[in-house]
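Working notes, beginning with the structure itself.
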Amino acid sequence: MASVNVIKPKARLSNSNILFLIAAVIFVLMYLFAIITFPNSFLQFQTFFDLFNLNAPLIIMTLGLCIVMIGGGIDISIGSVTGLVTMACAVFLESRMGSIGGAILVALGIGIAFGILQGYLIAYLEIQPFIITLSGLFLAQGLLTTLHKDPINVTMPAFVSLRDFDIVIAWLGTRNRLGVFIPCEIKPGTLIFIVLLIILASLMKWSRFGRNVYAVGGNTHSAMMLGINVKRTIFITYVISGLTAGIAGFVYIMTTGAGNVGNAAGAEMKAIASAIIGGTLLNGGVGNLLGAPIGTLTLLIINELIRAAGVQSNWQAMVSGLLLYFFIVLQSVIMSLRDRRKFSIALPPWLRLSGKEQLGGQREQ
Amino acid sequence: MLSETILEMKDISKSFPGVKALDCVDFKLRKGEIHALMGENGAGKSTLIKVITGVYEKDAGLITLQGEPIHFKAPQEAQNKGIGTVYQEIMLCPNLTVAENMFIGRSHSPFVNWKQMNEKAAQLLDSLGIPASPVQELASCSIAVQQMIAIARAVDMDCKILILDEPTSSLDEDEVHKLFALMRELKERGVGIIFITHFLEQVYEVSDMITVLRNGKLVGEYETTSLSQIELISKMLGNVLEDVTKLKKHEPIVSDTSIPVFEGKALSSSAGVRPFNFAIQKGEVNGFAGLLGSGRSESVRAIFAADKVTGGEVRMKGKRVKIKTPLHAIKHGIGYLPEDRKGDGIVEDLSVRDNIILTLQVLKGFFKPFSRKQAELFADEYIKKLNIKTPTSNTPIKSLSGGNQQKVILARWLLTNPEYLILDEPTRGIDVGTKVEIQKLVLNLASKGMSLTFISSEIEEMLRTCSRLIVMKDREIVGELRGTDLTENDVMNVIAQGGKNK
Chain A
49 MASVNVIKPK ARLSNSNILF LIAAVIFVLM YLFAIITFPN SFLQFQTFFD LFNLNAPLII
109 MTLGLCIVMI GGGIDISIGS VTGLVTMACA VFLESRMGSI GGAILVALGI GIAFGILQGY
169 LIAYLEIQPF IITLSGLFLA QGLLTTLHKD PINVTMPAFV SLRDFDIVIA WLGTRNRLGV
229 FIPCEIKPGT LIFIVLLIIL ASLMKWSRFG RNVYAVGGNT HSAMMLGINV KRTIFITYVI
289 SGLTAGIAGF VYIMTTGAGN VGNAAGAEMK AIASAIIGGT LLNGGVGNLL GAPIGTLTLL
349 IINELIRAAG VQSNWQAMVS GLLLYFFIVL QSVIMSLRDR RKFSIALPPW LRLSGKEQLG
409 GQREQ
Chain B
4 MLSETILEMK DISKSFPGVK ALDCVDFKLR KGEIHALMGE NGAGKSTLIK VITGVYEKDA
64 GLITLQGEPI HFKAPQEAQN KGIGTVYQEI MLCPNLTVAE NMFIGRSHSP FVNWKQMNEK
124 AAQLLDSLGI PASPVQELAS CSIAVQQMIA IARAVDMDCK ILILDEPTSS LDEDEVHKLF
184 ALMRELKERG VGIIFITHFL EQVYEVSDMI TVLRNGKLVG EYETTSLSQI ELISKMLGNV
244 LEDVTKLKKH EPIVSDTSIP VFEGKALSSS AGVRPFNFAI QKGEVNGFAG LLGSGRSESV
304 RAIFAADKVT GGEVRMKGKR VKIKTPLHAI KHGIGYLPED RKGDGIVEDL SVRDNIILTL
364 QVLKGFFKPF SRKQAELFAD EYIKKLNIKT PTSNTPIKSL SGGNQQKVIL ARWLLTNPEY
424 LILDEPTRGI DVGTKVEIQK LVLNLASKGM SLTFISSEIE EMLRTCSRLI VMKDREIVGE
484 LRGTDLTEND VMNVIAQGGK NK
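This is the structure in structure tokens:
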């Protein structure tokens, strides 16, 4: 029917989109500021690409985490799982039967195993995700040190060539002080990140599963009443997050070429910060996967800026912390202004004391 | 002439431990009919609905849908058979778009075709006249529109029967009319609608038939046009005027010119009562009468600031005071025994003793705790005074019976020695003996100079204890009754006429 809908309600940006927009604007402003302050460094394309080249593992982790957070959960085990994967891959590659294909399988296997275990406990046994993934964090850490304590430098020739492999963009680059043209280089990890971003962002936008994740994060009880398999949906989000942690681990060792006890330590917190800066709400239902890399980059640029300014490194952590405060407050202010509600910091169900009662708070009459 | 029957329920019984929730109830729904299901609290409306939708399994009886016997084990099955339910609480996801909310959880394709979904949603919204765009976020729609979208979802699922469980309780008048227009439109299409509400006017505005339940039993099925409001009310409340020995009522000694203990002007709260004036004299017992949902609890909650107070002026003994939170109210000598004993009153795992001294402790300050001895003294005094049946004062309150729990909360308030005590349904769900005890206590306290407000769903209880009844209907005060020989009929008359001669 081509009848005209008479009432045209004001087109309103969804919360996901407005938070994404804010994140994007802040990122652009930050980058402009960086260019103005340190033109000879930030004006180089290579600096921009290096942000991805060096931090692809963190961005990949953040992608999976974002999906979990949109579903209303949290996964703080990802950093340790990533660390464990790097060490496992290193040990495997240095062993006699080491092969790159096998290492990839090891990485994916460990990630998925953690995802399945944690997803099952959280979704089907309904245990708080914070506790479960905290346990996962310790478990992965313990496994990592049990596996090998000392740093391993992977010397397998095939792997070394993979580690040193660069994709050279011949037409893009900068001239150095001597006037020699240096083309830009992209690491394979960056490509993996881009492919994953496209796949996962499409999944969240155009698949039934993706929309179910949004529904579950928005209102779990309603989602159930609407006929969504809530448990399975939550389960899959954790499997995805485990999978991305596994991939991140492989990309990590592909970048550094070494297994180390300290690999990716504390990365889960950086990933949570990135996700929040990128516009994913901690209380679920709101977020945009495209915001994940933007959030990570914003965090990184701030760190780069501070480093370039020659300030002590402890300032990096402090400024990151303050920035996070700022973002959470900003998000809450915007949300409360939009809904004309009283200002309140929204808390996810796993941080609320009586989350269960609030969900099932139907009054018997 | 009545049209074809789509749903028929015969001799439905359902028991819960200790309660017979439904006792041989018959119910019949016809095509294109709006059928109001009426009854007071605990009458069995919700249970009946839940038996239809498969949330509960019936113990006995037969349900037929278009002549075919049905037996649902889960709400999903009922939905598949064309029984849609829209609850008071909107079961949609606020962060998804309108179109998604209408179609999510229904498709089996792994992909979402946004274009097709939005087109279908636009068509449906358009045909039902719902003022929303498929692409807007649900949270940006008003509550009424969200309610309509929930209905549209149910309708699109090929529904033959639509159950609306108190859909209007959070809507304003304008929104209610929009909802009614939608209901009439569906009725034209032959959908049978079961409508539950506490607003009598709405029943008369929109329904064709009324079925009344009381205490789990069927009172009868009536055509709306042939049942007057007063008849409906008396059928809901029951006209059994037992010849109970009237307790001697205590008349306040003071005249109306003296300064009231509590006086509120244009009080209003976020719970949605219309601004009201209320005053109570020393030693007076008054009551708020009205059907469930008439705003009686909301009014006293506004006095105690249990809901967010949004306006009005309060004087205690002539002095203007600010009461914005329950703590202010307690400090000014007001006590409130809440309707929801489990949720607002008792602290389940604490002992009887700790529950008794709780409010007094709050007043004293948490850093100056009572000595164990002092607390025991208080507790023992009131356990004796109120005849609370508990093994020791150290027993957790959750192991006591409902009536004794209620007495513990009463003791808690009496210990603070309030000047004005509000009792909201203190007798609900407790045995008859305790009920009488509590009523006696109320009169006893009043004779000692305490002012009390006593609310009960059972009007006779209020008639026995209160010297003044404030009658409420649809969240507004519609009348005030005084005198010693009031009858239930007087109250019903005021409710039925109230709001009509505006």
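One line per chain: the protein sequences are A and B, in this order. Using the numbering used here, the first residue of the first sequence is number 49, and each one after it goes up by one. Using the numbering used here, the first residue of the second sequence is number 4, and each one after it goes up by one. Cβ atoms here follow ideal geometry from the backbone N, Cα and C, with glycine treated the same way.
- A buried status is given to B/ALA305, since no fewer than 16 other beta-carbon atoms sit within 10 Å of its beta-carbon.
- The beta-carbon distance between B/ASP427 and B/PRO341, rounded to whole angstroms, is 6 Å. This is short enough to meet the 8 Å contact definition.
- Between B/ASN280 and B/ALA292, the C-beta gap is not smaller than 8 Å, which leaves the two residues out of contact.
- The distance from the Cβ of A/ILE122 to that of A/GLY294 is about 18 Å, inconsistent with a contact at the 8 Å cut-off.
- Exposed is the label assigned to A/VAL216, since fewer than 16 other Cβ atoms lie within 10 Å of its Cβ.
- Among the residues of chain A, those whose CB is under 8 Å from the CB of B/GLN79 are GLY275, following chain order.
- Taking C-beta separations shorter than 8 Å and ignoring five residues to either side along the sequence, the partners of A/ILE175 in its chain run LEU169, following chain order.
- For B/GLU11, the uninterrupted beta strand (DSSP E) segment begins and ends at 8-19.
- Counted as a single uninterrupted DSSP element, the stretch harbouring A/ILE234 is not any alpha helix (DSSP H) but the beta strand (DSSP E) occupying residues 229-234.
- Under the DSSP assignment, B/TYR225 falls in the beta strand (DSSP E) whose first and last residues are 220-226.
- Secondary structure note for B/HIS180: it is in no beta strand (DSSP E), and the uninterrupted alpha helix (DSSP H) holding it is 176-191.
- Distance from the CA atom of A/VAL367 to the CA atom of A/PHE90, rounded to whole angstroms, is 20 Å.
- In this structure, the CA atom of B/TYR385 is about 13 Å from the CA atom of B/LEU444.
- For B/SER261, there is no enclosing alpha helix (DSSP H), as DSSP marks it with neither H nor E.
- Of the candidates A/ILE342, A/ILE126, A/ARG256 and A/GLY297, A/ARG256 places its Cα closest to the Cα of B/GLY108.
- Distance from the CA atom of B/ILE15 to the CA atom of B/LYS23, rounded to whole angstroms, is 11 Å.
- In this structure, DSSP gives B/GLU342 a state outside helix and strand, which the three-state scheme calls coil.
- Contacts between B/GLY219 and chain A, judged by CB atoms closer than 8 Å, are missing: the closest CB pair is about 14 Å apart.
- The Cβ of B/PHE114 sits closer than 8 Å to at least one Cβ of chain A.
- Between the segment 91-107 of chain B and the segment 176-190 of chain B there are fewer than three C-beta pairs closer than 8 Å, too few to call the two in contact.
- A/MET204 is not a Cβ neighbour of A/ASN311, given a cutoff of 8 Å.
- Going by DSSP, B/TYR423 is part of no alpha helix (DSSP H) but of the beta strand (DSSP E) stretching over 423-427.
- A direct Cα-Cα distance of roughly 52 Å separates A/THR110 from B/LYS334.
- Residue state for B/LEU99 is assigned as coil, using DSSP reduced to three classes.
- Taken residue by residue, none of the segment 125-142 of chain A has a beta-carbon sitting less than 8 Å from a beta-carbon on chain B.
- The way I'd put it, the segment 228-237 of chain A doesn't touch the segment 246-261 of chain A; fewer than three beta-carbon pairs between them come closer than 8 Å.
- Between the segment 313-329 of chain A and the segment 341-351 of chain A, the count of C-beta pairs closer than 8 Å reaches three or more; the two stretches touch.
- At a cut-off of 8 Å, the C-beta of A/ARG259 has a neighbouring C-beta in chain B.
- The closest CA to that of A/CYS114, considering only A/GLN379, A/LEU338 and A/GLY266, is found on A/LEU338.
- Secondary structure note for A/MET272: its alpha helix (DSSP H) is the uninterrupted segment 268-273.
- Per DSSP, B/PHE307 is one residue of the alpha helix (DSSP H) stretching across 299-307.
- Among the bridge pairs identified by DSSP, B/GLY195 is matched with B/ILE164.
- For B/GLU204, the enclosing alpha helix (DSSP H) begins and ends at 203-209.
- The distance from the Cβ of B/GLY87 to that of B/LEU174 is about 19 Å, inconsistent with a contact at the 8 Å cut-off.
- In this structure B/LEU424 touches B/GLY338 by the C-beta definition: roughly 4 Å separates them, less than 8 Å.
- Taking 9 Å as the Cβ-Cβ cut-off, the segment 95-124 of chain B approaches chain A at LEU95, CYS96, PRO97, ASN98, LEU99, THR100, GLU103, ASN104, ILE107, GLY108, ARG109, SER110, HIS111, SER112, PRO113, PHE114, VAL115, ASN116 and TRP117, given in chain order.
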